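Here the structure comes first, spelled out in C-alpha coordinates, and everything after it is commentary.
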Amino acid sequence: MRPRRGLLAGGLLLAALAGRAEPPDTAAALAPWAGRTLTAIDLAGRDVTREHVIRRELQSQVGQPLDPDTVLADLQRLRNLGIFAEAEAAAEADGEGARLTYTVREMPPWVPYLSLTYTEENGFSAGPGLSALNLAGRQVTLSARAEFGGANQYRVRLLWPWMAGDHVSLDVYAARLERDDTLNGFREQSHEFTPSVGRYLGPHGRLAGTLSLLRMEADVPGKTLSPDDVDQLVRLGVSLGWDTRDRWDSPRRGWLNELELTRTGGFLGGDGDFWTATLDLRRWQPAGKRQTLMLSGLATLQTGLTGRDLPVYMDFHMGGANTIRGYSLDVLGHQLYGKNQLVGTLEHSFELVPVRRWDVWKWSLRMGLDLAVFGDAGIAWEEARDLTLPRARGGLGAGLRLRLPATEMVRFDLGWSPAEGFHFHLAALSKPEAQRKRLR
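Per the numbering used here, residue 189 is the first one in the sequence shown, and the count goes up by one each step.
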(Lines of atoms letter the chains of each structure in order from A and count residues from 1; the text may use other names and numbers.)
(Lines give C-alpha, C1' and ligand atoms only; values in the text may rest on other atoms or scores of the structure.)
Protein backbone atom coordinates (compact mmCIF):
# COMPACT_ATOMS: atom_id res chain seq x y z
CA MET A 1 0.00 0.00 0.00
CA ARG A 2 1.54 3.24 -1.09
CA PRO A 3 2.34 5.88 1.53
CA ARG A 4 1.10 9.42 1.24
CA ARG A 5 3.10 11.55 -1.16
CA GLY A 6 5.72 13.81 0.41
CA LEU A 7 4.53 17.25 1.49
CA LEU A 8 6.68 19.87 -0.22
CA ALA A 9 8.25 21.97 2.51
CA GLY A 10 10.69 24.82 2.84
CA GLY A 11 10.68 27.08 -0.18
CA LEU A 12 7.29 25.91 -1.44
CA LEU A 13 5.49 26.74 1.79
CA LEU A 14 7.32 30.04 2.08
CA ALA A 15 6.16 30.93 -1.41
CA ALA A 16 3.02 32.42 0.07
CA LEU A 17 5.26 35.33 1.09
CA ALA A 18 6.75 35.77 -2.38
CA GLY A 19 5.51 37.99 -5.18
CA ARG A 20 2.97 36.57 -7.58
CA ALA A 21 2.40 37.24 -11.25
CA GLU A 22 -1.12 38.45 -11.98
CA PRO A 23 -2.43 36.69 -15.12
CA PRO A 24 -3.52 38.99 -17.95
CA ASP A 25 -6.99 38.92 -19.50
CA THR A 26 -6.01 36.84 -22.53
CA ALA A 27 -9.50 36.69 -24.04
CA ALA A 28 -9.82 40.49 -24.06
CA ALA A 29 -6.32 40.90 -25.51
CA LEU A 30 -7.08 38.48 -28.36
CA ALA A 31 -10.53 39.85 -29.16
CA PRO A 32 -9.34 42.52 -31.69
CA TRP A 33 -7.68 39.80 -33.76
CA ALA A 34 -10.54 37.31 -33.70
CA GLY A 35 -11.36 35.98 -37.18
CA ARG A 36 -8.10 37.06 -38.76
CA THR A 37 -6.19 34.33 -40.58
CA LEU A 38 -3.23 33.01 -38.61
CA THR A 39 -0.05 33.58 -40.58
CA ALA A 40 2.37 32.16 -38.00
CA ILE A 41 2.40 30.55 -34.54
CA ASP A 42 5.54 31.25 -32.53
CA LEU A 43 6.75 29.83 -29.21
CA ALA A 44 8.60 31.85 -26.59
CA GLY A 45 9.99 31.27 -23.12
CA ARG A 46 10.89 27.61 -23.41
CA ASP A 47 14.34 26.60 -22.25
CA VAL A 48 14.51 22.82 -21.79
CA THR A 49 11.10 21.83 -23.18
CA ARG A 50 11.15 20.28 -26.65
CA GLU A 51 9.19 22.25 -29.24
CA HIS A 52 7.00 19.28 -30.23
CA VAL A 53 5.86 18.83 -26.61
CA ILE A 54 4.20 22.26 -26.86
CA ARG A 55 3.01 22.17 -30.46
CA ARG A 56 1.20 18.83 -30.12
CA GLU A 57 -1.10 20.45 -27.56
CA LEU A 58 -2.15 23.28 -29.89
CA GLN A 59 -5.34 23.14 -31.92
CA SER A 60 -4.85 26.62 -33.34
CA GLN A 61 -3.30 26.17 -36.79
CA VAL A 62 -1.68 28.42 -39.38
CA GLY A 63 -4.15 29.21 -42.16
CA GLN A 64 -7.18 29.05 -39.87
CA PRO A 65 -9.04 32.04 -38.37
CA LEU A 66 -7.84 33.05 -34.90
CA ASP A 67 -10.43 31.85 -32.40
CA PRO A 68 -9.89 33.17 -28.82
CA ASP A 69 -11.79 30.21 -27.34
CA THR A 70 -9.49 27.75 -29.13
CA VAL A 71 -6.43 29.64 -27.91
CA LEU A 72 -7.72 29.60 -24.31
CA ALA A 73 -8.25 25.84 -24.59
CA ASP A 74 -4.68 25.50 -25.93
CA LEU A 75 -3.37 27.39 -22.91
CA GLN A 76 -5.26 25.19 -20.48
CA ARG A 77 -3.84 22.05 -22.07
CA LEU A 78 -0.35 23.52 -21.70
CA ARG A 79 -0.97 24.24 -18.02
CA ASN A 80 -2.31 20.71 -17.56
CA LEU A 81 1.11 19.36 -18.55
CA GLY A 82 2.35 20.29 -15.09
CA ILE A 83 5.70 21.65 -16.33
CA PHE A 84 4.80 25.32 -16.79
CA ALA A 85 4.20 27.86 -14.05
CA GLU A 86 2.31 29.91 -16.61
CA ALA A 87 1.28 29.86 -20.25
CA GLU A 88 -0.05 32.90 -22.08
CA ALA A 89 -0.77 33.98 -25.64
CA ALA A 90 -0.68 37.26 -27.55
CA ALA A 91 -1.40 38.29 -31.12
CA GLU A 92 -0.17 41.03 -33.42
CA ALA A 93 -0.95 42.19 -36.93
CA ASP A 94 0.86 40.47 -39.78
CA GLY A 95 -0.40 42.07 -42.97
CA GLU A 96 -4.09 41.24 -43.27
CA GLY A 97 -3.67 38.32 -40.89
CA ALA A 98 -2.45 37.82 -37.33
CA ARG A 99 0.68 36.37 -35.80
CA LEU A 100 0.09 34.35 -32.62
CA THR A 101 2.74 33.81 -29.93
CA TYR A 102 2.48 31.35 -27.05
CA THR A 103 4.74 32.27 -24.13
CA VAL A 104 5.50 29.76 -21.39
CA ARG A 105 7.28 30.07 -18.06
CA GLU A 106 8.90 26.78 -17.15
CA MET A 107 8.95 25.42 -13.64
CA PRO A 108 12.43 24.38 -12.42
CA PRO A 109 13.55 21.20 -14.21
CA TRP A 110 15.18 19.81 -11.04
CA VAL A 111 13.81 20.37 -7.53
CA PRO A 112 15.73 19.15 -4.44
CA TYR A 113 13.55 19.34 -1.34
CA LEU A 114 12.79 18.01 2.09
CA SER A 115 10.28 15.20 1.62
CA LEU A 116 7.85 15.16 4.52
CA THR A 117 5.17 12.51 4.90
CA TYR A 118 2.45 12.31 7.53
CA THR A 119 -0.10 9.56 8.08
CA GLU A 120 -2.51 9.23 10.98
CA GLU A 121 -1.38 5.64 11.43
CA ASN A 122 2.40 6.23 11.51
CA GLY A 123 2.95 9.95 12.10
CA PHE A 124 5.72 11.96 10.45
CA SER A 125 8.59 10.75 8.28
CA ALA A 126 11.16 13.01 6.63
CA GLY A 127 14.19 12.81 4.39
CA PRO A 128 15.78 14.03 1.15
CA GLY A 129 13.86 14.15 -2.11
CA LEU A 130 14.72 15.03 -5.70
CA SER A 131 12.32 15.52 -8.59
CA ALA A 132 12.90 16.11 -12.28
CA LEU A 133 9.69 17.75 -13.49
CA ASN A 134 10.60 17.84 -17.19
CA LEU A 135 13.32 15.26 -17.83
CA ALA A 136 15.02 15.73 -21.22
CA GLY A 137 12.41 18.39 -22.00
CA ARG A 138 9.85 15.68 -22.82
CA GLN A 139 7.38 16.15 -19.94
CA VAL A 140 8.85 13.14 -18.14
CA THR A 141 8.70 13.22 -14.33
CA LEU A 142 11.28 11.31 -12.30
CA SER A 143 11.18 11.52 -8.51
CA ALA A 144 13.11 9.78 -5.75
CA ARG A 145 12.57 10.05 -1.99
CA ALA A 146 13.99 8.51 1.16
CA GLU A 147 12.14 9.12 4.43
CA PHE A 148 12.75 8.04 8.00
CA GLY A 149 10.71 8.29 11.17
CA GLY A 150 7.23 6.91 11.72
CA ALA A 151 7.79 4.88 8.55
CA ASN A 152 11.05 4.14 6.77
CA GLN A 153 10.50 4.24 3.05
CA TYR A 154 12.29 4.59 -0.27
CA ARG A 155 10.27 5.52 -3.35
CA VAL A 156 11.02 6.07 -7.03
CA ARG A 157 8.50 6.99 -9.71
CA LEU A 158 8.86 7.57 -13.44
CA LEU A 159 5.89 9.10 -15.28
CA TRP A 160 5.92 9.64 -19.05
CA PRO A 161 2.41 10.86 -19.96
CA TRP A 162 2.91 10.92 -23.75
CA MET A 163 5.53 8.41 -24.80
CA ALA A 164 4.17 7.65 -28.28
CA GLY A 165 1.01 7.33 -30.36
CA ASP A 166 -2.23 8.78 -28.99
CA HIS A 167 -1.02 9.69 -25.52
CA VAL A 168 0.52 6.26 -24.91
CA SER A 169 1.84 6.64 -21.35
CA LEU A 170 4.23 4.83 -19.03
CA ASP A 171 4.06 4.95 -15.23
CA VAL A 172 6.58 2.98 -13.16
CA TYR A 173 6.50 2.96 -9.35
CA ALA A 174 8.92 1.17 -7.03
CA ALA A 175 9.04 1.33 -3.25
CA ARG A 176 10.38 -0.26 -0.09
CA LEU A 177 8.40 0.39 3.10
CA GLU A 178 8.92 -0.56 6.73
CA ARG A 179 6.27 0.53 9.22
CA ASP A 180 3.89 -0.57 11.95
CA ASP A 181 0.52 -1.67 10.61
CA THR A 182 -1.25 -0.72 13.84
CA LEU A 183 -4.72 -1.59 12.58
CA ASN A 184 -3.73 -5.17 11.74
CA GLY A 185 -1.16 -5.58 14.51
CA PHE A 186 2.17 -6.32 12.83
CA ARG A 187 5.41 -4.76 11.63
CA GLU A 188 5.30 -4.52 7.84
CA GLN A 189 8.27 -4.77 5.52
CA SER A 190 7.12 -4.56 1.91
CA HIS A 191 8.56 -4.14 -1.57
CA GLU A 192 6.43 -3.02 -4.51
CA PHE A 193 7.10 -2.75 -8.24
CA THR A 194 4.20 -1.50 -10.38
CA PRO A 195 4.53 -0.58 -14.07
CA SER A 196 1.47 0.70 -15.94
CA VAL A 197 0.86 1.47 -19.63
CA GLY A 198 -2.07 3.59 -20.82
CA ARG A 199 -3.50 5.42 -23.80
CA TYR A 200 -6.28 7.83 -24.73
CA LEU A 201 -9.58 6.68 -26.25
CA GLY A 202 -10.70 9.84 -28.00
CA PRO A 203 -10.49 13.20 -26.21
CA HIS A 204 -11.94 11.97 -22.90
CA GLY A 205 -11.52 8.18 -22.69
CA ARG A 206 -8.61 6.55 -20.85
CA LEU A 207 -7.47 2.91 -20.97
CA ALA A 208 -4.66 1.45 -18.85
CA GLY A 209 -3.15 -1.91 -17.96
CA THR A 210 -1.14 -2.54 -14.78
CA LEU A 211 1.09 -5.34 -13.52
CA SER A 212 1.99 -5.15 -9.85
CA LEU A 213 4.38 -7.24 -7.77
CA LEU A 214 4.12 -6.94 -3.98
CA ARG A 215 6.25 -8.73 -1.40
CA MET A 216 4.82 -8.42 2.12
CA GLU A 217 6.70 -9.66 5.18
CA ALA A 218 5.19 -9.70 8.68
CA ASP A 219 7.02 -10.01 11.99
CA VAL A 220 4.29 -12.10 13.65
CA PRO A 221 2.49 -15.22 12.40
CA GLY A 222 -1.06 -15.25 11.08
CA LYS A 223 -0.87 -11.97 9.13
CA THR A 224 0.11 -13.37 5.75
CA LEU A 225 -1.46 -16.07 3.62
CA SER A 226 1.83 -17.91 3.44
CA PRO A 227 2.88 -19.89 6.56
CA ASP A 228 6.43 -18.50 6.33
CA ASP A 229 5.09 -14.95 7.05
CA VAL A 230 6.08 -13.70 3.59
CA ASP A 231 3.51 -13.16 0.82
CA GLN A 232 4.27 -12.74 -2.86
CA LEU A 233 1.28 -11.09 -4.56
CA VAL A 234 1.08 -10.83 -8.35
CA ARG A 235 -1.66 -8.51 -9.58
CA LEU A 236 -2.88 -7.76 -13.10
CA GLY A 237 -5.37 -4.97 -13.67
CA VAL A 238 -7.19 -3.08 -16.41
CA SER A 239 -8.96 0.26 -16.02
CA LEU A 240 -11.29 2.34 -18.16
CA GLY A 241 -11.65 6.04 -17.40
CA TRP A 242 -13.56 9.13 -18.48
CA ASP A 243 -12.03 12.60 -17.95
CA THR A 244 -13.84 15.82 -18.88
CA ARG A 245 -12.26 18.19 -16.31
CA ASP A 246 -11.89 21.76 -17.51
CA ARG A 247 -8.53 22.05 -15.74
CA TRP A 248 -6.43 19.55 -13.84
CA ASP A 249 -4.79 21.57 -11.05
CA SER A 250 -8.08 23.01 -9.73
CA PRO A 251 -11.15 21.64 -11.57
CA ARG A 252 -14.35 23.67 -11.60
CA ARG A 253 -16.41 21.59 -14.01
CA GLY A 254 -16.38 18.05 -15.38
CA TRP A 255 -16.09 14.36 -14.54
CA LEU A 256 -13.19 12.10 -13.57
CA ASN A 257 -14.45 8.51 -13.47
CA GLU A 258 -12.73 5.14 -13.54
CA LEU A 259 -13.72 1.49 -13.46
CA GLU A 260 -10.90 -0.89 -12.57
CA LEU A 261 -10.81 -4.67 -12.41
CA THR A 262 -7.81 -6.44 -10.84
CA ARG A 263 -6.92 -10.12 -10.56
CA THR A 264 -4.55 -11.23 -7.79
CA GLY A 265 -3.00 -14.69 -7.75
CA GLY A 266 -4.86 -17.56 -9.35
CA PHE A 267 -3.47 -18.24 -12.82
CA LEU A 268 -0.89 -15.47 -12.19
CA GLY A 269 0.82 -17.48 -9.47
CA GLY A 270 2.01 -16.26 -6.11
CA ASP A 271 -0.09 -16.07 -2.97
CA GLY A 272 -3.70 -14.94 -2.84
CA ASP A 273 -6.64 -15.75 -5.05
CA PHE A 274 -9.16 -12.92 -5.40
CA TRP A 275 -10.68 -10.27 -7.67
CA THR A 276 -10.99 -6.55 -6.90
CA ALA A 277 -13.51 -4.27 -8.63
CA THR A 278 -13.32 -0.51 -8.07
CA LEU A 279 -15.71 2.20 -9.23
CA ASP A 280 -14.42 5.74 -8.68
CA LEU A 281 -16.76 8.65 -9.57
CA ARG A 282 -15.89 12.35 -9.21
CA ARG A 283 -17.89 15.38 -10.35
CA TRP A 284 -17.07 19.10 -10.17
CA GLN A 285 -19.74 21.75 -10.70
CA PRO A 286 -19.50 25.56 -10.44
CA ALA A 287 -21.54 26.83 -7.48
CA GLY A 288 -21.05 30.58 -7.82
CA LYS A 289 -18.22 33.01 -8.43
CA ARG A 290 -14.96 31.26 -7.50
CA GLN A 291 -16.93 28.46 -5.82
CA THR A 292 -17.03 24.78 -6.77
CA LEU A 293 -19.09 21.83 -5.63
CA MET A 294 -17.31 18.47 -5.71
CA LEU A 295 -19.11 15.16 -5.28
CA SER A 296 -17.19 11.88 -5.15
CA GLY A 297 -18.04 8.25 -4.56
CA LEU A 298 -15.75 5.23 -4.23
CA ALA A 299 -16.89 1.60 -4.14
CA THR A 300 -14.43 -1.30 -3.82
CA LEU A 301 -15.56 -4.93 -3.79
CA GLN A 302 -13.27 -7.94 -3.27
CA THR A 303 -13.94 -11.64 -3.58
CA GLY A 304 -12.59 -14.47 -1.46
CA LEU A 305 -12.36 -15.19 2.23
CA THR A 306 -10.15 -12.91 4.31
CA GLY A 307 -7.26 -14.84 5.80
CA ARG A 308 -7.52 -17.63 3.24
CA ASP A 309 -7.80 -16.06 -0.24
CA LEU A 310 -7.38 -12.41 0.66
CA PRO A 311 -4.70 -11.22 3.12
CA VAL A 312 -5.86 -9.20 6.14
CA TYR A 313 -3.64 -6.25 5.19
CA MET A 314 -5.73 -5.71 2.05
CA ASP A 315 -8.82 -4.73 4.04
CA PHE A 316 -10.28 -1.23 4.47
CA HIS A 317 -10.60 0.72 7.73
CA MET A 318 -12.88 3.72 8.13
CA GLY A 319 -11.90 6.92 9.94
CA GLY A 320 -9.22 9.55 9.51
CA ALA A 321 -8.38 12.14 6.88
CA ASN A 322 -9.02 9.95 3.82
CA THR A 323 -12.28 8.14 4.56
CA ILE A 324 -14.62 9.72 7.15
CA ARG A 325 -13.28 12.89 8.75
CA GLY A 326 -14.36 13.65 12.29
CA TYR A 327 -13.39 10.15 13.41
CA SER A 328 -10.05 8.94 14.69
CA LEU A 329 -8.50 6.20 12.60
CA ASP A 330 -7.26 4.54 15.81
CA VAL A 331 -10.84 4.31 17.14
CA LEU A 332 -13.21 3.83 14.20
CA GLY A 333 -10.57 1.90 12.26
CA HIS A 334 -10.79 -0.93 14.82
CA GLN A 335 -14.60 -0.92 14.74
CA LEU A 336 -15.60 -0.43 11.11
CA TYR A 337 -13.50 -2.42 8.66
CA GLY A 338 -13.72 -5.18 6.04
CA LYS A 339 -12.67 -6.32 2.60
CA ASN A 340 -15.24 -4.04 0.89
CA GLN A 341 -15.83 -0.31 1.19
CA LEU A 342 -18.22 2.43 0.11
CA VAL A 343 -17.21 6.07 0.72
CA GLY A 344 -18.87 9.31 -0.39
CA THR A 345 -17.84 12.96 -0.08
CA LEU A 346 -19.56 16.27 -0.78
CA GLU A 347 -17.29 19.32 -0.68
CA HIS A 348 -18.00 23.00 -1.35
CA SER A 349 -14.82 24.99 -1.95
CA PHE A 350 -14.21 28.73 -2.07
CA GLU A 351 -11.23 29.92 -4.09
CA LEU A 352 -9.32 32.31 -1.82
CA VAL A 353 -6.23 32.59 -4.04
CA PRO A 354 -6.60 31.25 -7.61
CA VAL A 355 -3.95 28.83 -8.85
CA ARG A 356 -1.45 31.01 -10.64
CA ARG A 357 2.24 31.65 -11.10
CA TRP A 358 4.28 32.54 -8.04
CA ASP A 359 7.92 33.57 -8.28
CA VAL A 360 10.18 32.21 -5.55
CA TRP A 361 13.75 33.43 -5.94
CA LYS A 362 14.67 32.17 -9.42
CA TRP A 363 11.89 29.59 -9.51
CA SER A 364 8.37 29.92 -10.83
CA LEU A 365 5.63 27.64 -9.46
CA ARG A 366 1.86 27.28 -9.74
CA MET A 367 0.06 27.48 -6.40
CA GLY A 368 -3.26 28.55 -4.89
CA LEU A 369 -5.36 28.41 -1.74
CA ASP A 370 -8.97 27.26 -1.15
CA LEU A 371 -11.36 27.15 1.78
CA ALA A 372 -13.74 24.18 1.86
CA VAL A 373 -16.66 22.82 3.86
CA PHE A 374 -17.36 19.11 3.52
CA GLY A 375 -19.38 16.09 4.52
CA ASP A 376 -18.25 12.44 4.43
CA ALA A 377 -20.10 9.16 4.79
CA GLY A 378 -18.90 5.60 4.50
CA ILE A 379 -19.00 1.97 5.48
CA ALA A 380 -16.72 -1.08 5.30
CA TRP A 381 -17.99 -4.64 5.49
CA GLU A 382 -16.91 -8.26 5.23
CA GLU A 383 -20.12 -10.08 4.33
CA ALA A 384 -23.31 -8.91 2.65
CA ARG A 385 -25.29 -9.04 5.89
CA ASP A 386 -22.94 -6.38 7.33
CA LEU A 387 -23.89 -3.85 4.64
CA THR A 388 -26.57 -2.06 6.66
CA LEU A 389 -27.39 1.62 7.17
CA PRO A 390 -26.97 1.55 10.99
CA ARG A 391 -23.31 0.52 10.54
CA ALA A 392 -22.52 3.50 8.27
CA ARG A 393 -20.88 6.59 9.72
CA GLY A 394 -20.77 10.24 8.69
CA GLY A 395 -18.86 13.38 9.55
CA LEU A 396 -18.58 17.00 8.46
CA GLY A 397 -16.20 19.93 8.80
CA ALA A 398 -14.14 22.63 7.11
CA GLY A 399 -10.54 23.21 6.11
CA LEU A 400 -7.92 24.82 3.89
CA ARG A 401 -6.39 23.41 0.69
CA LEU A 402 -2.92 24.62 -0.23
CA ARG A 403 -2.56 23.71 -3.90
CA LEU A 404 1.02 22.82 -4.84
CA PRO A 405 2.83 21.30 -7.82
CA ALA A 406 3.75 17.60 -7.68
CA THR A 407 1.70 16.83 -4.54
CA GLU A 408 -1.60 18.33 -5.85
CA MET A 409 -2.58 19.82 -2.50
CA VAL A 410 -2.05 19.77 1.24
CA ARG A 411 -5.25 19.63 3.33
CA PHE A 412 -5.74 21.09 6.80
CA ASP A 413 -9.17 19.88 7.95
CA LEU A 414 -11.19 20.14 11.15
CA GLY A 415 -13.79 17.38 11.13
CA TRP A 416 -16.68 16.68 13.51
CA SER A 417 -18.78 13.58 14.15
CA PRO A 418 -21.58 12.91 16.66
CA ALA A 419 -19.66 10.05 18.25
CA GLU A 420 -16.17 11.55 18.59
CA GLY A 421 -16.56 15.34 18.36
CA PHE A 422 -13.80 17.36 16.71
CA HIS A 423 -10.66 15.97 15.08
CA PHE A 424 -7.89 17.78 13.20
CA HIS A 425 -6.71 16.04 10.03
CA LEU A 426 -3.55 16.75 8.00
CA ALA A 427 -3.17 15.10 4.60
CA ALA A 428 -1.71 15.40 1.12
CA LEU A 429 -3.59 14.94 -2.16
CA SER A 430 -7.29 15.61 -2.64
CA LYS A 431 -9.64 13.48 -0.55
CA PRO A 432 -10.89 11.38 -3.54
CA GLU A 433 -7.33 10.76 -4.72
CA ALA A 434 -6.00 9.84 -1.27
CA GLN A 435 -8.84 7.43 -0.44
CA ARG A 436 -8.36 5.73 -3.81
CA LYS A 437 -4.71 5.06 -2.94
CA ARG A 438 -5.72 3.43 0.38
CA LEU A 439 -3.78 6.04 2.34
CA ARG A 440 -4.34 6.02 6.08
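Idealized CB from N, CA, C, for every residue including glycine.
Computed from a predicted structure; not experimentally measured.
Distance from the CA of Ala622 to the CA of Asp213, rounded to the nearest whole angstrom, comes to 34 angstroms.
Between the stretch 430 to 440 and the stretch 452 to 460 there are fewer than three inter-stretch CB-CB distances shorter than 8 angstroms, so the stretches are not counted as touching. Secondary structure of Ile242 (DSSP, three-state): helix. Within its own chain, the residues whose Cβ lies closer than 7 angstroms to the Cβ of Gly442, once the five positions on either side in sequence are excluded, are Thr432, Arg433, Asp434, Trp472, listed in chain order. Distance from the Cα of Gly311 is smallest, within the candidate group Leu559, Arg265, Asp369, for Asp369. Put simply, the stretch 263 to 273 touches the stretch 230 to 248. At least three CB pairs are less than 8 angstroms apart. When the five nearest sequence neighbours on each side are left out, the beta carbons in the same chain lying within less than 6 angstroms of the beta carbon of Val561 are those of His536, Ala586, in order along the chain.
If you keep only unbroken beta strand (DSSP E) runs of at least 3 residues inside the stretch 382 to 423, you get 393 to 406. It is roughly 10 angstroms from the alpha-carbon of Arg589 to the alpha-carbon of Leu540. The bridge partners DSSP lists for Gly521 come to none. Here the alpha carbons of Glu366 and Asp407 stand approximately 11 angstroms from one another. In this model, Ala332 and His379 are separated by some 15 angstroms (Cα to Cα). The three-state secondary structure of Glu621, taken from DSSP, is helix. If you ignore the 5 residues before and after Asp282, its C-beta comes within less than 7 angstroms of the C-beta of Thr227, Ala228, all in its own chain and listed in chain order. About 6 angstroms separates the beta carbons of Met404 and Tyr501, which is inside the 8 angstroms limit, making them a contact pair. Put simply, the backbone Cα of His611 is about 7 angstroms away from that of Ser516. The stretch 421 to 494 is shown to contain whole beta strand (DSSP E) runs of 3 or more residues at 442 to 453, 461 to 476, 479 to 490, in chain order. Excluding residues up to 5 positions away in sequence, Leu428, Leu467 lie with their Cβ nearer than 6 angstroms to the Cβ of Leu447 in the same chain. For Arg423, same chain residues with a beta-carbon under 6 angstroms away, outside a window of 5 residues either side, are Ser400, Thr450, Thr452 in chain order. Close CB contacts of Thr291 within its chain, under the 6 angstroms cut and outside five residues either way in sequence, are with Ala232, Gly233, Glu276 (chain order). Closest option to Gln327, judged by alpha-carbon separation, among Leu346, Gly495, Ala217: Leu346. Our two residues, Gly410 and His613, have alpha carbons roughly 32 angstroms apart in a direct line. Only residues of its own chain outside the window of five on either side were considered, and among them Thr450, Gln490 have a CB closer than 6 angstroms to the CB of Thr464, listed in chain order.
Taken through DSSP and simplified to helix, strand or coil, Leu218 comes out as helix.
Between the stretch 286 to 302 and the stretch 313 to 320, the count of C-beta pairs closer than 8 angstroms reaches three or more; the two stretches touch.
Just measuring C-alpha positions, the residue of Phe538, Gly492, Leu592, Leu389 sitting nearest Trp436 is Leu592.
Under the three-state reduction of DSSP output, Pro578 falls in the helix class. Counting only runs that start and end inside the stretch 259 to 296, the beta strand (DSSP E) elements of at least 3 residues fall at 272 to 282, 285 to 294.
Looking at the DSSP output, Gln341 sits in a beta bridge with Glu335, Leu365.
Shown here, Tyr501 sits in a helix according to DSSP, grouped into three states.
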